[in-house]
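Going line by line, the protein sequences match chains A and B.
Under this note's numbering, the first residue of the first sequence is numbered 852, with each subsequent residue one higher.
Under this note's numbering, the first residue of the second sequence is numbered 4, with each subsequent residue one higher.
Reading through the structure tokens given below for one structure.
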Amino acid sequence: MRLLLVIAMMFAASPVWALNPDERLADPVLEERARVLSKELRCLVCQNQSIDDSDADLARDLRVVVRERLTEGDTNAQVLDYLVARYGEWVLLKPRLGLHTMLLWVLPGLLLVGAIILGRGLFRAKADETVAVELSDDERQALDRLKG
Amino acid sequence: METTLSLAETGHYALVLAFALSVACSIIPVVGWRRGDARLMQMASPVALAQFALIGISFAALTYAYVVSDFSLKNVWENSHTDKPLIYKISGVWGNHEGSMLLWVLTLAIFAASVPLFGKHLPRDLKALVIAVQSWILLAFVGFILFTSNPFDRLQPAPPQGNDLNPLLQDLGLAIHPPLLYIGYVGFSMTFAFAVAALMIGRVDQAWARWVRPWTLAAWMFLTIGISMGSYWAYYELGWGGWWFWDPVENASLMPWLAGTALLHSAIVVEKRAGLRIWTILLAIMTFALSLLGTFLVRSGVLTSVHTFATDPGRGLVILGILVFFIAGSLALFVWRADSIQSKGLFSPISREGGLVLNNIFLSAVTGTVLIGTLYPLLYESLTGQKISVGPPFFNLTAVPLFLPLLIAMPLGPFLTWKRSDAWAVSTRMFGVLLLSAAIALGIYLWRGGSLAPLGMMIGFWLLLGSLWEPFWRSKAGRAPLGETVRRLGNLPRSMWGGALGHAGMGITTIGIVATTAWSVETIETMRPSDVVQVQHYELRYETVERVIGPNYIDDIVRFTATMADGNSFALEPAKRFYPNRNEPTTEAAIETLGFSQAYVSLGDVDVTGDGTATVRAYWRPWTTLIWYGTIVMFVGGFLSLMDRRLRIGIPQMAKRRGPQAMPEPAQ
Numbered sequence: 852m853r854l855l856l857v858i859a860m861m862f863a864a865s866p867v868w869a870l871n872p873d874e875r876l877a878d879p880v881l882e883e884r885a886r887v888l889s890k891e892l893r894c895l896v897c898q899n900q901s902i903d904d905s906d907a908d909l910a911r912d913l914r915v916v917v918r919e920r921l922t923e924g925d926t927n928a929q930v931l932d933y934l935v936a937r938y939g940e941w942v943l944l945k946p947r948l949g950l951h952t953m954l955l956w957v958l959p960g961l962l963l964v965g966a967i968i969l970g971r972g973l974f975r976a977k978a979d980e981t982v983a984v985e986l987s988d989d990e991r992q993a994l995d996r997l998k999g
Numbered sequence: 004m005e006t007t008l009s010l011a012e013t014g015h016y017a018l019v020l021a022f023a024l025s026v027a028c029s030i031i032p033v034v035g036w037r038r039g040d041a042r043l044m045q046m047a048s049p050v051a052l053a054q055f056a057l058i059g060i061s062f063a064a065l066t067y068a069y070v071v072s073d074f075s076l077k078n079v080w081e082n083s084h085t086d087k088p089l090i091y092k093i094s095g096v097w098g099n100h101e102g103s104m105l106l107w108v109l110t111l112a113i114f115a116a117s118v119p120l121f122g123k124h125l126p127r128d129l130k131a132l133v134i135a136v137q138s139w140i141l142l143a144f145v146g147f148i149l150f151t152s153n154p155f156d157r158l159q160p161a162p163p164q165g166n167d168l169n170p171l172l173q174d175l176g177l178a179i180h181p182p183l184l185y186i187g188y189v190g191f192s193m194t195f196a197f198a199v200a201a202l203m204i205g206r207v208d209q210a211w212a213r214w215v216r217p218w219t220l221a222a223w224m225f226l227t228i229g230i231s232m233g234s235y236w237a238y239y240e241l242g243w244g245g246w247w248f249w250d251p252v253e254n255a256s257l258m259p260w261l262a263g264t265a266l267l268h269s270a271i272v273v274e275k276r277a278g279l280r281i282w283t284i285l286l287a288i289m290t291f292a293l294s295l296l297g298t299f300l301v302r303s304g305v306l307t308s309v310h311t312f313a314t315d316p317g318r319g320l321v322i323l324g325i326l327v328f329f330i331a332g333s334l335a336l337f338v339w340r341a342d343s344i345q346s347k348g349l350f351s352p353i354s355r356e357g358g359l360v361l362n363n364i365f366l367s368a369v370t371g372t373v374l375i376g377t378l379y380p381l382l383y384e385s386l387t388g389q390k391i392s393v394g395p396p397f398f399n400l401t402a403v404p405l406f407l408p409l410l411i412a413m414p415l416g417p418f419l420t421w422k423r424s425d426a427w428a429v430s431t432r433m434f435g436v437l438l439l440s441a442a443i444a445l446g447i448y449l450w451r452g453g454s455l456a457p458l459g460m461m462i463g464f465w466l467l468l469g470s471l472w473e474p475f476w477r478s479k480a481g482r483a484p485l486g487e488t489v490r491r492l493g494n495l496p497r498s499m500w501g502g503a504l505g506h507a508g509m510g511i512t513t514i515g516i517v518a519t520t521a522w523s524v525e526t527i528e529t530m531r532p533s534d535v536v537q538v539q540h541y542e543l544r545y546e547t548v549e550r551v552i553g554p555n556y557i558d559d560i561v562r563f564t565a566t567m568a569d570g571n572s573f574a575l576e577p578a579k580r581f582y583p584n585r586n587e588p589t590t591e592a593a594i595e596t597l598g599f600s601q602a603y604v605s606l607g608d609v610d611v612t613g614d615g616t617a618t619v620r621a622y623w624r625p626w627t628t629l630i631w632y633g634t635i636v637m638f639v640g641g642f643l644s645l646m647d648r649r650l651r652i653g654i655p656q657m658a659k660r661r662g663p664q665a666m667p668e669p670a671q
């Protein structure tokens with residue numbers, strides 16, 4: 852943690868900017884793909900930035916690598932594989948679906964289903980009673996008051 | 004130096020005294036309640052006020068040390084500098100771990116003190132227990148400050164100059180945003196205390212809900228505006244024009260907001276229909292638990308992020324302990340005592356209650372998703388030792404789609420009647436709004452094309468127009484003479500306007516988000532003086548470059564002139580700012596607001612001594628300010644609701660005496 856801070860400080864002292872004009876590819880289609888990929892890749896020495904947003908030197912290196920691979924004809928998936936092989940899955944801002952991330956990707960859906968079931972239980976318990984609506988205590992009191 | 008020396012010690016001493024008082028106030032009122040001893044219960048109120056006074060003194064002493072740059076305090080030395088402008092000397096108090104915990108505790112003490120101040124008519128047992136629960140939290144966090152994060156630690160001998168504040172934090176937006184966030188976070192401690200007290204007593208009634216609602220509302224309002232300010236700060240200070248990054252620190256404030264929004268809505272059912280009581284209690288506990296979790300994530304240093312100043316794991320464990328104690332304790336109490344609380348109120352799925360349940364279903368799912376995404380990498384790393392990232396693409400694929408149904412259903416809810424409603428009748432009432440928003444979407448499609456943008460706009464306008472239509476429909480707009488509609492509009496309760504504006508604000512924010520996401524234009528160029536680039540609606544001309552010395556920084560400013568297609572021109576002067584005291588740079592973007600849109604320019608490298616070559620990032624961000632204007636509308640909506648006669652201080656007790664039926668639902 853402390854080491855990361857020190858590294859971050861070193862980069863901070865010699866600022867470079869996120870995506871420099873000189874890094875861009877001449878081919879607009881490839882460049883667009885590079886931008887899309889860059890937004891899904893983490894700057895490894897930054898806090899929570901994609902390499903597209905980061906001004907760190909390492910982010911710049913990765914941007915250049917992404918563009919090199921694309922120019923050599925890699926598919927988007929191949930570029931990502933290449934980077935994962937070198938830097939581990941941490942480099943991906945969008946975690947891959949696998950056994951180890953199954954819970955992560957499945958839980959949002961399960962949560963919704965669970966919440967719906969819970970919510971439905973609330974209705975079903977009451978469903979029969981709604982037909983012949985009973986007066987609540989408050990309403991009965993109010994009725995009594997009206998009757999005097 | 005003699006006076007400042009003793010002042011800092013006074014602050015420290017006051018904090019110790021507050022700690023002692025919170026120990027007493029944690030125990031005695033509870034004992035008094037168990038024994039039915041009114042005198043023991045009554046001690047809670049004056050002690051709550053005394054705690055506030057003491058922590059206030061402590062905070063004032065630390066602030067004074069910052070203002071006079073008393074570097075004999077380690078905390079001041081680490082985070083301040085004599086050259087720093089006064090405003091940042093003051094905001095520096097909470098721009099670091101120790102001081103910000105003191106601000107947290109001060110906010111908590113203010114809330115605890117407002118119970119005796121505003122709660123004159125609260126039932127005695129409820130009041131005593133609420134203050135006692137607040138004191139438990141106070142005890143935990145004041146203890147945390149005193150034993151692990153003391154801002155009054157001394158340095159011997161005192162250094163002549165300080166280290167200065169992190170330059171990113173030397174900004175007006177960030178100076179005000181933590182106090183606002185804390186009012187929100189800590190405000191939910193009020194709801195939590197009421198929930199725990201209600202569980203202990205075993206009583207949740209409509210009067211209880213009338214008490215809880217305003218505090219929830221106030222906390223929610225400040226959290227809304229705090230998050231919004233944080234987002235705007237990131238937008239202009241971090242220099243690449245993004246406004247939300249799904250950063251764990253942002254998520255930490257978003258989760259209590261989502262849960263608090265759900266709570267705000269379920270408490271309506273408790274108040275109006277006496278239903279959903281158990282669920283509301285649970286939600287109150289979870290909302291504060293998420294606030295505590297946020298405090299833990301930000302303060303413990305488990306995340307490495309701009310906001311994380313503390314990197315000491317010992318502290319993290321203590322906060323984790325506090326977190327676990329309060330969450331596990333209150334949940335255990337909940338499981339044990341929930342049976343004592345009866346929920347009433349029967350309703351069919353298509354009803355106002357049903358709509359509010361739907362709101363809670365989706366908000367809970369979104370909250371849970373953000374929670375999983377935020378914690379998963381931390382848990383994964385601690386279990387396997389390997390790191391994975393969960394970034395914006397994950398949340399955009401999960402939380403955003405779960406939030407969409409809420410946006411679509413939101414304007415329908417207020418049209419539903421309590422108990423049971425007629426889906427067809429509600430649909431016909433909204434038919435005009437649906438047609439209008441579809442027409443707007445069609446217009447946008449013909450104008451700009453695309454498919455997602457028109458659809459998103461349709462949802463945004465449906466939400467905005469549908470929410471605003473509700474008060475007009477209730478005032479019989481179009482079905483009665485104009486004069487009567489106007490009269491009825493004036494007579495609507497403020498809470499109705501509050502709800503309508505709250506929803507409409509969300510619509511405005513949605514429209515801003517869709518427009519910015521779909522139509523922003525970015526141009527990145529290397530430019531020299533007299534170079535010109537075209538950024539969609541404006542032409543950007545590089546005029547001059549200059550180095551300017553500020554109070555504690557050096558600016559490399561590039562002056563641009565931007566000219567719009569209609570000939571209107573303005574200056575844009577972004578800067579690369581360097582803080583020599585910290586050896587850190589920041590980016591000062593130049594922003595010109597035109598209508599609701601913004602021209603945004605920021606700088607990369609600037610060769611100020613040579614030929615002035617600069618890397619320039621220029622943006623056109625259409626309707627982008629709507630994102631934040633929407634949150635202001637939400638804040639105003641909350642404020643109107645808070646001003647409603649029903650929720651005003653003292654009213655709950657009177658209303659209780661007259662019976663709940665004294666407040667009939669208007670226009671149904």
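C-beta atoms are modelled at their ideal positions from N, C-alpha and C, and glycine is treated no differently.
Note that the structure is a prediction, hence the values are computed from the model and not measured.
Proximal chain A residues relative to B:Phe397, where beta-carbon distance stays under 9 angstroms: Leu944, Lys945, Pro946, Leu955, Trp956
Buried or exposed (CB count within 10 angstroms, at least 16 for buried), B:Gly357: buried
Can you tell me the Cα-Cα spacing of B:Gln601 and B:Val429, whole angstroms? 39 angstroms
Just list the alpha helix (DSSP H) runs in the stretch 26-75 of chain B, keeping only unbroken ones of 4 residues or longer that don't cross its boundaries, in chain order. 41-45, 47-70
When the Cα of B:Pro554 is compared with those of B:Leu89, B:Leu24, B:Arg213, which residue comes out closest? B:Leu89
Starting from B:Tyr239 and walking both ways along the beta strand (DSSP E), at which residues does that stretch end? Premise fails: B:Tyr239 lies in the alpha helix (DSSP H), 209-240, not in any beta strand (DSSP E).
If you pair each beta-carbon of the stretch 329-338 of chain B with each one of the stretch 923-940 of chain A, do three or more pairs fall below 8 angstroms? no
Alpha-carbon to alpha-carbon, B:Val70 and B:Tyr603: 34 angstroms
Alpha-carbon to alpha-carbon, A:Leu994 and B:Ser256: 46 angstroms
So with Cβ pairs under 8 angstroms, would you call A:Lys977 a contact of chain B? Note on A:Lys977: pLDDT 48, under 50, position unreliable in the model; the coordinate value appears next. With 8 angstroms as the cut-off, A:Lys977 counts as an interface residue toward chain B.
Is any beta-carbon of chain A found at less than 8 angstroms from that of B:Leu405? yes
Report the rounded CA-to-CA distance for B:Trp211 versus B:Glu274, giving the unit in angstroms. 8 angstroms
For B:Met224, count the other beta carbons within 10 Å of its own beta carbon; 16 or more makes it buried, fewer makes it exposed. Which is it? buried
Taking the beta strand (DSSP E) that B:Val609 falls in, what are its first and last residues? 600-609
Can a CB atom of chain A be found closer than 8 angstroms to the CB of B:Ala341? no
Quick one: grab the DSSP three-state call for B:Thr627. coil
Give the single residue among B:Ile228, B:Val517, B:Glu12 whose Cα lies nearest to the Cα of B:Leu407. B:Val517
Note down, in chain order, all residues in the stretch 141-163 of chain B with a beta-carbon under 9 angstroms from any beta-carbon belonging to chain A. none
Residues in the same chain with beta-carbon distance under 8 angstroms from B:Gln137, minus the five sequence neighbours each way, listed in chain order, please. Ala51, Leu111, Phe114, Ala115, Val118, Ser192, Met193, Ala196
Under the rule that 16 or more other beta-carbon atoms within 10 Å means buried, what is B:Arg490, buried or exposed? exposed
Using the beta-carbon of each residue, which ones in chain B are nearer than 8 angstroms to A:Ala936? None at all; the shortest Cβ gap to chain B is about 15 angstroms.
Assign B:Gly39 to buried or exposed, taking buried as 16 or more other Cβ atoms, counted over all protein chains shown, within 10 Å of its Cβ. exposed
Looking at chain A, is there any beta carbon in it that lies within less than 8 angstroms of the beta carbon of B:Pro251? yes
Check B:Ser572 in the structure and name its three-state DSSP category. strand
C-alpha distance - B:Gln505 paired with B:Met637, whole-angstrom precision: Note on identity: in this sequence residue 505 of chain B is Gly, with Gln being the wrong assignment. Distance between the alpha carbons of B:Gly505 and B:Met637: 4 angstroms.
Chain B contacts from the stretch 985-996 of chain A (Cβ-Cβ distance under 8 angstroms): Glu985, Ser987, Asp988, Asp989, Glu990, Gln992, Ala993, Arg996
Have a look at B:Val301 and B:Ser152 and give me their C-alpha separation to the nearest angstrom. 14 angstroms
By DSSP, does A:Leu944 sit in helix, in strand, or in coil? coil
Environment of A:Glu940 [buried if 16+ CB atoms lie within 10 Å]: buried
Just confirm the distance between the C-beta atoms of B:Val536 and B:Met530, as a whole number of angstroms; I'd bet it's less than 8 angstroms. 7 angstroms
In terms of DSSP beta bridges, what is B:Val687 paired with? Nothing in the structure corresponds to residue 687 of chain B, since chain B is present only between 4 and 671.
Option nearest B:Ile140 by Cα separation, candidates B:Gly190, B:Gly176, B:Trp97: B:Gly190
Check the C-beta distance from B:Leu132 over to B:Ile204 and give it rounded, since I have them as a contact under 8 angstroms. 7 angstroms
Give me the Cα-Cα distance between B:Met433 and B:Glu591, rounded to the nearest whole angstrom. 46 angstroms
Determine whether the Cβ of B:Leu458 lies closer than 8 angstroms to any Cβ atom of chain A. no
May I ask you to list the residues that DSSP assigns as paired with B:Ile527? B:Arg620
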